[in-house]
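Q: Protein chains in written order, with this note's numbering: chain A, 1196 to 1308; chain B, 82 to 196.
The beta-carbon is built from N, C-alpha and C at its ideal position, and this holds for glycine as well.
Attaching a single structure in structure tokens format; questions to follow.
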Amino acid sequence: GAGVSQSPSNKVTEKGKDVELRCDPISGHTALYWYRQSLGQGLEFLIYFQGNSAPDKSGLPSDRFSAERTGGSVSTLTIQRTQQEDSAVYLCASSTNFRSEQFFGPGTRLTVL
Amino acid sequence: AQKITQTQPGMFVQEKEAVTLDCTYDTSDPSYGLFWYKQPSSGEMIFLIYQGSYDQQNATEGRYSLNFQKARKSANLVISASQLGDSAMYFCAMREGTNDYKLSFGAGTTVTVRA
């Protein structure tokens, strides 16, 4: 498909385990974003990648969260030692550049038991 | 302080009628962009419409129009001729500054269209 894809669509894990969430942006989009959507906090910005520049990690809630983007395309968000408060929907978005509209993927629903 | 405020948690609208979703924003930056997204039950955020702070005219996209009142810092979304498929959560979002890229989202408004 031509849109942003994310995998897995659902992930259930036990507290303390590590998880990896994947995002495939729209081909040709240089900007990639991760957001988190939770009941208590709404939609929060997590991290931004633009081309080969250093990512903006200012939204990551703790050092248990990290993300990388390989080859300027696919991105992986990793959460180490998951906690119950990490339960949320993690949304990835991409855009042609930082000023254009962001197109979102379907999200990964993470449940930490 | 909240940058985006959506005061209507939920709304019901009759099919074929128009509905207005409220959004107020708070920024001291003269350059900003306002966005509306739709999130159906499937979870995907769908971009609807954009308004730049320097745009002279209100944005329109098909059945969507944005009632931009800069002095009041309001950017209400109007959906005309509502359809059952419009039932979803609607989010107002803002990007501040000429070099920023982060979107700040409101809490959202759930719209339910009745037949």
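Keeping to the same chain, check which residues put their C-beta closer than 8 Å to that of L165(B); ignore five residues upstream and five downstream.
A: Taken in chain order, the residues that qualify are E96, V194 and A196.
Q: When DSSP builds the beta bridges, which residues end up paired with M175(B)?
A: DSSP output for M175(B) lists L115(B) and S185(B) as bridge partner(s).
Q: For M126(B), which residues in the same chain have their Cβ closer than 8 Å to its Cβ, ignoring the five residues on either side in sequence?
A: So the list reads Y118, K119, Q120 and F172, once near-sequence residues are dropped.
Q: Cβ closer than 9 Å: which chain B residues qualify as neighbours of Y1243(A)?
A: Those are Y182 and K183, listed as they occur along chain B.
Q: Should F149(B) be flagged as near chain A, meaning a C-beta pair shorter than 8 Å?
A: Chain A, which has no Cβ nearer than 8 Å to the Cβ of F149(B), makes this no.
Q: On a CA-only basis, which of Q1279(A), V1214(A) and C1218(A) is nearest G1266(A)? Give me that one, please.
A: Nearest C-alpha to G1266(A): C1218(A).
Q: Using alpha carbons as the reference points, say which of S1268(A), Y1243(A) and D1281(A) lies closest to Q1236(A).
A: It is D1281(A).
Q: Helix, strand or coil for Q1279(A)? Go by DSSP, reduced to three states.
A: Helix at Q1279(A).
Q: Would you verify that the beta carbon of L1255(A) is, or is not, closer than 8 Å to some beta carbon of chain B?
A: Cβ-Cβ to chain B under 8 Å: no for L1255(A).
Q: Going by CA-CA distance only, name the one from N1247(A), L1255(A), L1286(A) and L1308(A) that's closest to G1157(A).
A: Chain A is shown from 1196 up to 1308; residue 1157(A) falls before or after that span and cannot be answered.
Q: Find out if the Cβ-Cβ distance for the pair S1270(A), H1224(A) is shorter than 8 Å.
A: No.
Q: Starting from V1284(A), find everything on chain B with Cβ-Cβ shorter than 7 Å and list it in chain order.
A: The contacting residues are G124.
Q: State the Cα-Cα distance for the pair F186(B) and A1283(A), rounded to the nearest angstrom.
A: When rounded, the distance between both Cα atoms is 16 Å.
Q: Which of the three DSSP states is assigned to L1255(A) in this structure?
A: DSSP places L1255(A) in coil when its eight states are reduced to three.
Q: Quick one: what's S169(B) bridged to in DSSP?
A: First, the amino acid is wrong: residue 169(B) is Ala here, not Ser. The partner list for A169(B) (beta bridge, DSSP) reads V192(B).
Q: Alpha carbon to alpha carbon, how far is T190(B) from G91(B)? Give it in angstroms, no decimals.
A: The alpha-carbon atoms of G91(B) and T190(B) are separated by roughly 5 Å.
Q: Between T101(B) and N157(B), how many whole angstroms is the CB-CB distance? I'm expecting something under 8 Å.
A: With a Cβ gap of about 5 Å, T101(B) and N157(B) count as contacting.
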